[in-house]
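Accompanying notes for the structure given below.
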Amino acid sequence: MKYKAETWDKMQDIMSRYNDHMTHGYLEFDSHIDADILKDAMRIAVDKFPILKCTYYSGIFRAQWKSLKKYNFDDYYQFAQTTENLMDYSERFLVGKIDEKHQAQFKFMHVRNNGADAICLLINHQCMDGADLKVFYNCIAALYNDILNGGNGDLRIKNGTRSEMQLYNDFSQTELEELDKLISYSKKQKSKLCFPFAKAKKSSLYAKIHKLRLSQEKFAQMKANGKKFGVSINDIILGAFYRAALKMIAPKPDQTLGIPNMVNMRRYIKSGDSAGFCNLTSMIVLNLGNTLGDDIFETIARCKMGMDKLKNNYPGFHGWALLRRVFKYAPHGLAKFLIGTFFKNPLVGLSNIGLIDHEGLTFGNAKLASPTYMTGSIKIPPYMQLALTTLYNEITFTVANYGNSQDHEMLKLFLDILDAELTMFINADITPDFTQSVFSKIN
235 MKYKAETWDK
245 MQDIMSRYND
255 HMTHGYLEFD
265 SHIDADILKD
275 AMRIAVDKFP
285 ILKCTYYSGI
295 FRAQWKSLKK
305 YNFDDYYQFA
315 QTTENLMDYS
325 ERFLVGKIDE
335 KHQAQFKFMH
345 VRNNGADAIC
355 LLINHQCMDG
365 ADLKVFYNCI
375 AALYNDILNG
385 GNGDLRIKNG
395 TRSEMQLYND
405 FSQTELEELD
415 KLISYSKKQK
425 SKLCFPFAKA
435 KKSSLYAKIH
445 KLRLSQEKFA
455 QMKANGKKFG
465 VSINDIILGA
475 FYRAALKMIA
485 PKPDQTLGIP
495 NMVNMRRYIK
505 SGDSAGFCNL
515 TSMIVLNLGN
525 TLGDDIFETI
535 ARCKMGMDKL
545 KNNYPGFHGW
555 ALLRRVFKYA
565 PHGLAKFLIG
575 TFFKNPLVGL
585 SNIGLIDHEG
595 LTFGNAKLAS
605 PTYMTGSIKI
615 PPYMQLALTT
625 LYNEITFTVA
635 NYGNSQDHEM
645 LKLFLDILDA
655 ELTMFINADI
665 TPDFTQSVFS
675 KIN
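For the sequence shown, our numbering assigns the number 235 to the initial residue and increments by one for each residue that follows.
In C-alpha coordinates:
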(Lines of atoms letter the chains of each structure in order from A; the text may use other names.)
(Lines give C-alpha, C1' and ligand atoms only; values in the text may rest on other atoms or scores of the structure.)
Protein backbone atom coordinates (compact mmCIF):
# COMPACT_ATOMS: atom_id res chain seq x y z
CA MET A 235 0.00 0.00 0.00
CA LYS A 236 1.00 3.59 -0.65
CA TYR A 237 -0.20 6.64 1.26
CA LYS A 238 0.04 10.31 0.47
CA ALA A 239 2.71 12.34 2.25
CA GLU A 240 1.08 15.53 3.51
CA THR A 241 2.68 18.97 3.57
CA TRP A 242 3.83 18.74 7.18
CA ASP A 243 5.13 15.20 6.72
CA LYS A 244 7.43 16.71 4.09
CA MET A 245 8.33 19.69 6.28
CA GLN A 246 9.36 17.43 9.15
CA ASP A 247 11.58 15.55 6.71
CA ILE A 248 13.26 18.83 5.76
CA MET A 249 13.70 19.68 9.45
CA SER A 250 15.72 16.51 10.00
CA ARG A 251 18.83 18.60 9.30
CA TYR A 252 18.08 20.53 12.52
CA ASN A 253 16.87 17.76 14.82
CA ASP A 254 16.12 14.04 15.09
CA HIS A 255 12.49 14.76 13.99
CA MET A 256 11.10 12.30 16.54
CA THR A 257 8.46 12.68 19.25
CA HIS A 258 9.35 11.15 22.61
CA GLY A 259 6.96 10.01 25.33
CA TYR A 260 7.72 8.65 28.79
CA LEU A 261 4.85 7.41 30.95
CA GLU A 262 5.71 6.13 34.43
CA PHE A 263 3.17 4.19 36.51
CA ASP A 264 2.77 3.50 40.22
CA SER A 265 2.39 -0.26 39.71
CA HIS A 266 2.83 -3.00 37.13
CA ILE A 267 0.97 -3.31 33.81
CA ASP A 268 0.14 -6.67 32.24
CA ALA A 269 2.92 -7.06 29.66
CA ASP A 270 1.05 -9.38 27.29
CA ILE A 271 -2.08 -7.22 27.19
CA LEU A 272 -0.04 -4.04 26.70
CA LYS A 273 1.81 -5.63 23.80
CA ASP A 274 -1.51 -6.63 22.17
CA ALA A 275 -2.93 -3.14 22.69
CA MET A 276 0.11 -1.49 21.10
CA ARG A 277 0.09 -3.92 18.18
CA ILE A 278 -3.60 -3.19 17.49
CA ALA A 279 -3.04 0.57 17.78
CA VAL A 280 -0.28 0.40 15.17
CA ASP A 281 -2.46 -1.73 12.88
CA LYS A 282 -5.15 0.96 13.03
CA PHE A 283 -2.67 3.64 11.92
CA PRO A 284 -0.92 1.89 9.00
CA ILE A 285 1.52 4.72 8.20
CA LEU A 286 3.44 3.56 11.27
CA LYS A 287 4.14 0.33 9.36
CA CYS A 288 5.49 2.21 6.34
CA THR A 289 8.78 3.56 5.11
CA TYR A 290 9.08 7.13 3.87
CA TYR A 291 10.01 7.66 0.24
CA SER A 292 11.29 11.06 -0.91
CA GLY A 293 11.81 11.12 -4.67
CA ILE A 294 12.31 13.70 -7.40
CA PHE A 295 8.64 13.98 -8.32
CA ARG A 296 6.80 12.90 -5.18
CA ALA A 297 7.01 11.88 -1.55
CA GLN A 298 4.89 9.09 -0.15
CA TRP A 299 4.56 6.39 2.48
CA LYS A 300 5.06 2.79 1.37
CA SER A 301 4.03 -0.26 3.39
CA LEU A 302 6.99 -2.30 4.57
CA LYS A 303 7.42 -5.48 2.55
CA LYS A 304 8.54 -7.33 5.66
CA TYR A 305 7.02 -6.15 8.93
CA ASN A 306 7.18 -7.87 12.30
CA PHE A 307 5.83 -6.01 15.32
CA ASP A 308 8.34 -7.76 17.58
CA ASP A 309 11.19 -5.96 15.78
CA TYR A 310 9.92 -2.64 17.16
CA TYR A 311 8.72 -3.71 20.61
CA GLN A 312 10.75 -4.66 23.65
CA PHE A 313 10.13 -5.54 27.27
CA ALA A 314 12.92 -4.89 29.75
CA GLN A 315 13.47 -5.33 33.47
CA THR A 316 15.98 -3.25 35.39
CA THR A 317 17.15 -2.38 38.87
CA GLU A 318 18.06 1.12 37.64
CA ASN A 319 15.96 4.22 38.03
CA LEU A 320 13.19 3.86 35.43
CA MET A 321 13.64 7.30 33.93
CA ASP A 322 17.41 7.01 33.60
CA TYR A 323 17.16 3.58 32.01
CA SER A 324 14.40 4.71 29.64
CA GLU A 325 16.24 7.79 28.43
CA ARG A 326 18.82 5.65 26.66
CA PHE A 327 15.94 4.23 24.61
CA LEU A 328 14.20 7.56 24.09
CA VAL A 329 17.23 9.29 22.59
CA GLY A 330 17.45 6.60 19.91
CA LYS A 331 16.48 7.23 16.30
CA ILE A 332 14.35 5.66 13.60
CA ASP A 333 15.57 5.12 10.06
CA GLU A 334 12.37 6.31 8.40
CA LYS A 335 13.45 5.22 4.94
CA HIS A 336 14.02 1.58 5.89
CA GLN A 337 12.13 0.91 9.15
CA ALA A 338 8.66 1.26 10.63
CA GLN A 339 7.96 4.68 12.12
CA PHE A 340 7.81 3.73 15.80
CA LYS A 341 9.72 2.03 18.60
CA PHE A 342 8.04 0.94 21.81
CA MET A 343 9.47 -0.21 25.14
CA HIS A 344 7.77 -1.50 28.28
CA VAL A 345 10.26 -1.35 31.14
CA ARG A 346 9.86 -2.59 34.72
CA ASN A 347 11.72 -2.32 37.98
CA ASN A 348 10.76 -3.68 41.40
CA GLY A 349 7.82 -1.42 42.12
CA ALA A 350 6.71 0.28 38.92
CA ASP A 351 6.48 0.21 35.13
CA ALA A 352 7.12 2.72 32.37
CA ILE A 353 5.98 2.94 28.77
CA CYS A 354 8.36 4.61 26.31
CA LEU A 355 7.29 5.54 22.81
CA LEU A 356 9.38 6.93 19.99
CA ILE A 357 7.46 8.01 16.86
CA ASN A 358 8.67 9.77 13.72
CA HIS A 359 7.48 13.39 13.95
CA GLN A 360 6.44 13.13 10.29
CA CYS A 361 3.58 10.89 11.43
CA MET A 362 2.21 13.03 14.25
CA ASP A 363 2.96 15.95 16.53
CA GLY A 364 2.89 16.16 20.32
CA ALA A 365 -0.86 16.78 20.46
CA ASP A 366 -1.59 13.56 18.59
CA LEU A 367 1.08 11.64 20.49
CA LYS A 368 -1.05 12.25 23.58
CA VAL A 369 -4.14 11.04 21.72
CA PHE A 370 -2.27 7.94 20.51
CA TYR A 371 -1.23 7.10 24.06
CA ASN A 372 -4.89 7.41 25.12
CA CYS A 373 -5.85 5.00 22.34
CA ILE A 374 -3.34 2.45 23.65
CA ALA A 375 -4.81 2.81 27.14
CA ALA A 376 -8.37 2.38 25.83
CA LEU A 377 -7.37 -0.76 23.91
CA TYR A 378 -5.53 -2.14 26.95
CA ASN A 379 -8.52 -1.65 29.23
CA ASP A 380 -10.90 -3.14 26.66
CA ILE A 381 -8.79 -6.30 26.35
CA LEU A 382 -8.30 -6.45 30.13
CA ASN A 383 -12.08 -6.44 30.57
CA GLY A 384 -12.65 -9.25 28.07
CA GLY A 385 -12.92 -7.31 24.81
CA ASN A 386 -11.00 -7.90 21.61
CA GLY A 387 -9.69 -4.38 21.04
CA ASP A 388 -12.29 -3.60 18.39
CA LEU A 389 -12.40 0.10 19.19
CA ARG A 390 -12.64 2.96 16.76
CA ILE A 391 -9.47 5.04 16.39
CA LYS A 392 -9.50 8.16 14.26
CA ASN A 393 -8.33 7.43 10.72
CA GLY A 394 -9.59 10.37 8.65
CA THR A 395 -7.68 12.92 6.58
CA ARG A 396 -4.19 13.94 7.67
CA SER A 397 -4.16 17.01 5.41
CA GLU A 398 -3.72 20.54 6.74
CA MET A 399 -6.66 21.54 4.52
CA GLN A 400 -9.07 20.39 7.26
CA LEU A 401 -8.13 23.60 9.07
CA TYR A 402 -9.82 25.74 6.41
CA ASN A 403 -13.28 24.14 6.52
CA ASP A 404 -14.88 26.65 8.89
CA PHE A 405 -13.56 29.91 7.44
CA SER A 406 -15.65 32.30 5.35
CA GLN A 407 -14.58 33.22 1.82
CA THR A 408 -13.34 36.60 3.06
CA GLU A 409 -11.28 34.94 5.78
CA LEU A 410 -9.81 32.46 3.29
CA GLU A 411 -8.70 35.36 1.10
CA GLU A 412 -7.04 36.99 4.12
CA LEU A 413 -5.26 33.75 5.01
CA ASP A 414 -3.95 33.48 1.46
CA LYS A 415 -2.10 36.77 1.93
CA LEU A 416 -0.15 35.58 4.99
CA ILE A 417 2.88 34.60 2.93
CA SER A 418 5.65 34.87 5.53
CA TYR A 419 6.86 36.40 8.79
CA SER A 420 8.17 39.93 8.84
CA LYS A 421 11.93 40.49 9.05
CA LYS A 422 11.39 42.10 12.44
CA GLN A 423 10.41 38.76 13.92
CA LYS A 424 13.50 36.90 12.75
CA SER A 425 16.69 36.47 14.71
CA LYS A 426 20.05 34.77 14.27
CA LEU A 427 20.82 34.64 17.99
CA CYS A 428 21.54 31.22 19.42
CA PHE A 429 22.72 29.61 22.64
CA PRO A 430 26.52 29.44 23.17
CA PHE A 431 27.10 25.86 22.06
CA ALA A 432 30.72 24.74 21.81
CA LYS A 433 32.07 24.31 18.30
CA ALA A 434 32.64 20.62 18.80
CA LYS A 435 33.21 17.74 16.45
CA LYS A 436 30.09 15.83 15.54
CA SER A 437 31.64 12.65 16.97
CA SER A 438 31.73 14.22 20.45
CA LEU A 439 28.00 15.03 20.52
CA TYR A 440 25.52 12.91 22.42
CA ALA A 441 21.82 13.29 23.17
CA LYS A 442 20.41 14.15 26.57
CA ILE A 443 16.98 15.21 27.83
CA HIS A 444 17.41 17.85 30.54
CA LYS A 445 14.49 18.23 32.95
CA LEU A 446 13.17 20.75 35.43
CA ARG A 447 10.08 20.03 37.51
CA LEU A 448 7.86 22.76 38.94
CA SER A 449 6.04 21.40 42.01
CA GLN A 450 2.29 21.53 42.66
CA GLU A 451 2.82 24.21 45.29
CA LYS A 452 4.85 26.42 42.97
CA PHE A 453 2.47 25.88 40.07
CA ALA A 454 -0.54 26.78 42.23
CA GLN A 455 1.14 29.99 43.38
CA MET A 456 2.20 30.81 39.81
CA LYS A 457 -1.41 30.49 38.65
CA ALA A 458 -2.64 32.61 41.56
CA ASN A 459 -0.08 35.35 40.89
CA GLY A 460 -0.78 35.15 37.16
CA LYS A 461 -4.46 35.80 37.82
CA LYS A 462 -3.61 38.80 40.01
CA PHE A 463 -1.22 40.12 37.37
CA GLY A 464 -3.67 39.53 34.50
CA VAL A 465 -1.41 37.19 32.50
CA SER A 466 -1.52 33.58 31.34
CA ILE A 467 0.76 30.71 32.33
CA ASN A 468 2.29 30.89 28.85
CA ASP A 469 3.02 34.61 29.30
CA ILE A 470 4.83 33.88 32.57
CA ILE A 471 6.89 31.03 31.13
CA LEU A 472 7.74 33.01 28.00
CA GLY A 473 8.89 35.96 30.09
CA ALA A 474 11.09 33.76 32.26
CA PHE A 475 12.43 32.02 29.13
CA TYR A 476 13.32 35.38 27.57
CA ARG A 477 15.24 36.54 30.62
CA ALA A 478 17.04 33.22 31.13
CA ALA A 479 17.93 32.92 27.43
CA LEU A 480 19.38 36.42 27.19
CA LYS A 481 21.54 35.76 30.23
CA MET A 482 23.04 32.89 28.25
CA ILE A 483 23.26 34.56 24.83
CA ALA A 484 24.53 38.14 25.45
CA PRO A 485 23.40 39.78 22.17
CA LYS A 486 25.15 42.66 20.46
CA PRO A 487 23.40 46.08 20.60
CA ASP A 488 21.83 45.65 17.14
CA GLN A 489 20.63 42.08 17.77
CA THR A 490 17.27 40.98 19.13
CA LEU A 491 15.87 37.59 20.07
CA GLY A 492 12.70 36.27 18.48
CA ILE A 493 11.21 33.30 20.31
CA PRO A 494 8.80 31.10 18.32
CA ASN A 495 5.88 29.72 20.31
CA MET A 496 4.40 26.51 18.98
CA VAL A 497 0.68 26.69 18.16
CA ASN A 498 -1.66 23.69 18.01
CA MET A 499 -3.62 24.53 14.86
CA ARG A 500 -6.49 22.25 15.86
CA ARG A 501 -7.84 25.37 17.55
CA TYR A 502 -9.32 26.20 14.11
CA ILE A 503 -11.29 22.92 13.93
CA LYS A 504 -14.73 23.04 15.55
CA SER A 505 -14.32 19.66 17.24
CA GLY A 506 -10.86 20.63 18.52
CA ASP A 507 -9.32 17.49 17.05
CA SER A 508 -7.93 16.43 13.68
CA ALA A 509 -9.69 13.77 11.63
CA GLY A 510 -6.56 11.59 11.55
CA PHE A 511 -3.19 11.38 13.27
CA CYS A 512 -1.03 14.10 11.75
CA ASN A 513 1.08 17.23 12.22
CA LEU A 514 -0.93 20.38 12.73
CA THR A 515 1.53 22.47 14.70
CA SER A 516 2.78 25.88 13.61
CA MET A 517 4.26 28.86 15.41
CA ILE A 518 3.99 32.53 16.20
CA VAL A 519 7.20 34.48 16.80
CA LEU A 520 7.45 37.12 19.49
CA ASN A 521 10.34 39.58 19.38
CA LEU A 522 10.53 42.02 22.28
CA GLY A 523 13.38 43.97 20.69
CA ASN A 524 16.10 45.29 22.97
CA THR A 525 13.82 46.19 25.88
CA LEU A 526 12.90 43.35 28.21
CA GLY A 527 12.22 45.70 31.10
CA ASP A 528 13.88 46.10 34.47
CA ASP A 529 12.63 42.84 36.02
CA ILE A 530 10.66 39.66 35.43
CA PHE A 531 7.35 41.47 35.91
CA GLU A 532 7.99 44.00 33.15
CA THR A 533 9.19 41.25 30.83
CA ILE A 534 6.06 39.16 31.43
CA ALA A 535 3.87 42.22 30.87
CA ARG A 536 5.64 42.92 27.57
CA CYS A 537 5.19 39.28 26.55
CA LYS A 538 1.47 39.47 27.25
CA MET A 539 1.04 42.64 25.22
CA GLY A 540 3.11 41.30 22.33
CA MET A 541 1.37 37.93 22.24
CA ASP A 542 -2.07 39.56 22.39
CA LYS A 543 -1.24 41.49 19.22
CA LEU A 544 0.02 38.38 17.43
CA LYS A 545 -3.07 36.40 18.41
CA ASN A 546 -5.30 38.91 16.59
CA ASN A 547 -4.04 37.90 13.14
CA TYR A 548 -4.68 34.20 12.53
CA PRO A 549 -1.87 32.90 14.74
CA GLY A 550 0.04 30.04 13.16
CA PHE A 551 -1.04 30.57 9.55
CA HIS A 552 1.80 32.89 8.50
CA GLY A 553 3.85 31.23 5.78
CA TRP A 554 1.42 28.37 5.12
CA ALA A 555 0.10 29.84 1.87
CA LEU A 556 3.61 29.92 0.40
CA LEU A 557 4.44 26.39 1.53
CA ARG A 558 1.27 25.02 -0.01
CA ARG A 559 2.02 26.74 -3.33
CA VAL A 560 5.60 25.44 -3.46
CA PHE A 561 4.60 21.85 -2.72
CA LYS A 562 1.63 22.05 -5.08
CA TYR A 563 3.36 23.43 -8.18
CA ALA A 564 6.98 22.28 -7.88
CA PRO A 565 8.18 18.67 -8.24
CA HIS A 566 8.90 17.30 -4.78
CA GLY A 567 12.68 17.29 -5.19
CA LEU A 568 12.72 20.94 -6.25
CA ALA A 569 10.25 21.94 -3.54
CA LYS A 570 12.39 20.21 -0.92
CA PHE A 571 15.50 22.01 -2.20
CA LEU A 572 13.83 25.44 -2.29
CA ILE A 573 12.28 25.19 1.15
CA GLY A 574 15.38 23.62 2.65
CA THR A 575 17.46 26.47 1.23
CA PHE A 576 15.26 29.45 2.04
CA PHE A 577 13.34 28.31 5.14
CA LYS A 578 15.21 29.55 8.19
CA ASN A 579 14.48 27.24 11.09
CA PRO A 580 14.29 29.14 14.40
CA LEU A 581 17.40 28.72 16.53
CA VAL A 582 15.43 28.98 19.79
CA GLY A 583 11.87 27.85 20.47
CA LEU A 584 9.16 27.21 23.07
CA SER A 585 6.63 24.38 22.91
CA ASN A 586 3.86 23.92 25.46
CA ILE A 587 2.71 20.36 24.67
CA GLY A 588 0.03 20.81 27.29
CA LEU A 589 -1.91 18.75 29.79
CA ILE A 590 -1.34 14.99 30.02
CA ASP A 591 -4.70 13.28 30.60
CA HIS A 592 -4.09 11.13 33.69
CA GLU A 593 -7.65 9.78 33.71
CA GLY A 594 -7.44 8.66 30.08
CA LEU A 595 -4.04 7.07 30.73
CA THR A 596 -5.03 4.65 33.47
CA PHE A 597 -4.04 1.09 32.57
CA GLY A 598 -6.23 -1.17 34.69
CA ASN A 599 -5.30 -0.25 38.26
CA ALA A 600 -1.98 1.31 37.25
CA LYS A 601 -2.02 5.10 37.46
CA LEU A 602 0.41 7.67 36.10
CA ALA A 603 3.24 8.83 38.33
CA SER A 604 4.54 12.40 38.28
CA PRO A 605 7.88 11.71 36.50
CA THR A 606 5.82 11.29 33.29
CA TYR A 607 6.67 13.70 30.47
CA MET A 608 6.59 14.13 26.71
CA THR A 609 8.99 16.15 24.61
CA GLY A 610 9.56 17.06 21.00
CA SER A 611 12.49 16.47 18.71
CA ILE A 612 16.07 16.41 19.98
CA LYS A 613 17.80 19.47 18.57
CA ILE A 614 21.19 19.61 16.91
CA PRO A 615 23.40 22.60 17.88
CA PRO A 616 23.00 25.52 17.45
CA TYR A 617 19.25 24.82 17.74
CA MET A 618 17.43 24.38 21.06
CA GLN A 619 13.85 24.27 22.32
CA LEU A 620 12.23 24.45 25.72
CA ALA A 621 9.22 22.12 25.95
CA LEU A 622 6.78 21.50 28.77
CA THR A 623 3.99 19.19 29.81
CA THR A 624 1.63 19.36 32.78
CA LEU A 625 0.47 16.46 34.96
CA TYR A 626 -1.20 16.52 38.38
CA ASN A 627 -0.70 20.29 38.48
CA GLU A 628 3.07 19.90 38.09
CA ILE A 629 5.02 21.18 35.11
CA THR A 630 7.93 19.25 33.63
CA PHE A 631 10.22 21.39 31.47
CA THR A 632 12.52 19.58 29.06
CA VAL A 633 15.39 20.63 26.83
CA ALA A 634 16.31 17.76 24.51
CA ASN A 635 19.59 18.37 22.72
CA TYR A 636 22.67 16.87 21.19
CA GLY A 637 25.87 18.38 22.53
CA ASN A 638 29.18 17.68 24.18
CA SER A 639 29.69 17.73 27.96
CA GLN A 640 30.24 21.51 27.92
CA ASP A 641 26.96 22.05 26.04
CA HIS A 642 25.00 19.93 28.47
CA GLU A 643 26.41 21.84 31.45
CA MET A 644 25.36 25.06 29.72
CA LEU A 645 21.80 23.79 29.20
CA LYS A 646 21.61 22.66 32.83
CA LEU A 647 22.65 26.15 33.88
CA PHE A 648 19.96 27.62 31.63
CA LEU A 649 17.27 25.57 33.41
CA ASP A 650 18.63 26.72 36.80
CA ILE A 651 18.32 30.35 35.68
CA LEU A 652 14.82 29.70 34.30
CA ASP A 653 13.84 28.22 37.67
CA ALA A 654 15.20 31.28 39.48
CA GLU A 655 13.26 33.67 37.22
CA LEU A 656 10.02 31.71 37.70
CA THR A 657 10.59 31.56 41.46
CA MET A 658 10.99 35.35 41.58
CA PHE A 659 7.51 35.75 40.07
CA ILE A 660 6.00 32.95 42.15
CA ASN A 661 7.22 34.37 45.47
CA ALA A 662 6.13 37.95 44.75
CA ASP A 663 3.37 39.69 46.67
CA ILE A 664 1.33 41.01 43.73
CA THR A 665 -1.27 43.69 44.46
CA PRO A 666 -3.62 45.61 42.13
CA ASP A 667 -1.54 48.76 42.61
CA PHE A 668 1.65 46.90 41.70
CA THR A 669 0.06 45.41 38.57
CA GLN A 670 -1.22 48.81 37.46
CA SER A 671 2.17 50.44 38.01
CA VAL A 672 4.00 47.82 35.90
CA PHE A 673 1.62 47.99 32.94
CA SER A 674 1.45 51.80 33.12
CA LYS A 675 5.22 52.00 32.95
CA ILE A 676 5.56 49.94 29.76
CA ASN A 677 2.54 51.38 27.88
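All C-beta atoms, glycine included, are put in the ideal place defined by N, C-alpha and C. The structure displayed is predicted, hence computed values, not measured ones.
Could you tell me whether the segment 287-301 touches the segment 610-625, where touching means 3 or more Cβ pairs closer than 8 angstroms? The segment 610-625 and the segment 287-301 do not touch, with fewer than three beta-carbon pairs separated by less than 8 angstroms.
Residue nearest to D653 in terms of C-alpha spacing, selected from H266, K452, K331: K452
Can you tell me the Cα-Cα spacing of N347 and F307, whole angstroms? 24 angstroms
Spatial neighbours of R326 in its chain, beta-carbon cut-off 7 angstroms, leaving aside the 5 residues before and after: For R326, where only same-chain residues beyond five positions count, there are no Cβ hits under 7 angstroms.
Per DSSP, which one or two residues make a beta bridge with Q619? G583
With 16 as the cutoff for other CB atoms within 10 Å, does D366 come out buried or exposed? Counting C-beta atoms within 10 angstroms of its own C-beta, D366 has 16 or more neighbours from the protein chains shown and is therefore classed as buried.
Quick check on L589: does DSSP put it in helix, strand or coil? strand
Label L410 either buried or exposed according to how many other C-beta atoms from any shown protein chain fall within 10 Å of its C-beta, with 16 as the threshold for buried. exposed
Cβ-based neighbour list, T533, same chain, cut-off 6 angstroms, excluding 5 preceding and 5 following: G473, Y476, R477, L526, G527, listed in sequence order.
In terms of DSSP beta bridges, what is A683 paired with? Not covered by the structure: residue 683. The range shown for the chain is 235 to 677.
Under 8 angstroms, with one C-beta from each stretch per pair, do the segment 534-552 and the segment 602-621 reach the 3-pair mark? no
Inspect the beta-carbon positions of K282 and N379 and report whether they are closer than 8 angstroms. no
For I374, which of M517, I271, A479 has the nearest alpha-carbon? I271
How far does the alpha helix (DSSP H) with H566 in it reach, from first residue to last? 566-576
Residue(s) in a DSSP beta bridge with F631: L446, L622
On the DSSP bridge assignment, give the partners of P494 in chain order. Under DSSP, P494 takes part in a beta bridge, and its partners are V519.
K457 and F631 - do their beta-carbons sit closer together than 8 angstroms? The answer is no: Cβ separation not under 8 angstroms.
Counted within 10 angstroms of its Cβ, other Cβ atoms place R396 as buried (16 or more) or exposed: buried
Inter-residue Cα distance where the pair is F405 and M517: 20 angstroms
I need the DSSP call for A239, collapsed to helix, strand or coil. coil
Rounded C-beta distance between A717 and G385? I'm assuming under 8 angstroms. No answer is possible for residue 717: the residues shown for the chain start at 235 and end at 677.
Taking three-plus beta-carbon pairs below 8 angstroms as touching, is the segment 321-341 in contact with the segment 241-259? yes
Beta-carbon contacts of H642 that lie in its chain and below 6 angstroms, excluding the five residues immediately before and after: K442
Give the straight-line distance between the Cα atoms of Q450 and S604, rounded to the nearest whole angstrom. 10 angstroms
Taking the alpha-carbon positions, what's the S466 to N524 distance? Taking the straight line joining both Cα atoms gives about 23 angstroms.
Reducing DSSP to helix, strand and coil, say where K675 ends up. Reduced to three states, the DSSP call for K675 is helix.
Using the three-state DSSP reduction, which class does I357 fall into: helix, strand or coil? strand
M644 versus G574: straight-line alpha-carbon distance, rounded: The straight-line gap from Cα to Cα measures roughly 29 angstroms.
Tell me the rounded alpha-carbon separation between M249 and N383. 42 angstroms
Which partner residues does T289 have in the DSSP bridge list? K300
Would you check if there are 3 or more beta carbon pairs closer than 8 angstroms linking the segment 663-673 to the segment 478-493? no
Using 10 angstroms around the beta-carbon of H336, count the other beta-carbons present and answer buried if the total reaches 16, otherwise exposed. By the C-beta density criterion, H336 is exposed, having fewer than 16 other C-beta atoms within 10 angstroms.
Three-state secondary structure (DSSP) at Q312? Of the three classes helix, strand and coil, the one that applies to Q312 here is strand, per DSSP.
For L514, which residues from the same chain have a beta carbon less than 6 angstroms from its beta carbon, with the 5 sequence-adjacent residues on both sides left out? M499, R500, S508
If you reduce the DSSP assignment to three classes, tell me which class L389 lands in. coil
Report buried or exposed for I590, applying the criterion of at least 16 other Cβ atoms within 10 angstroms of its Cβ. buried
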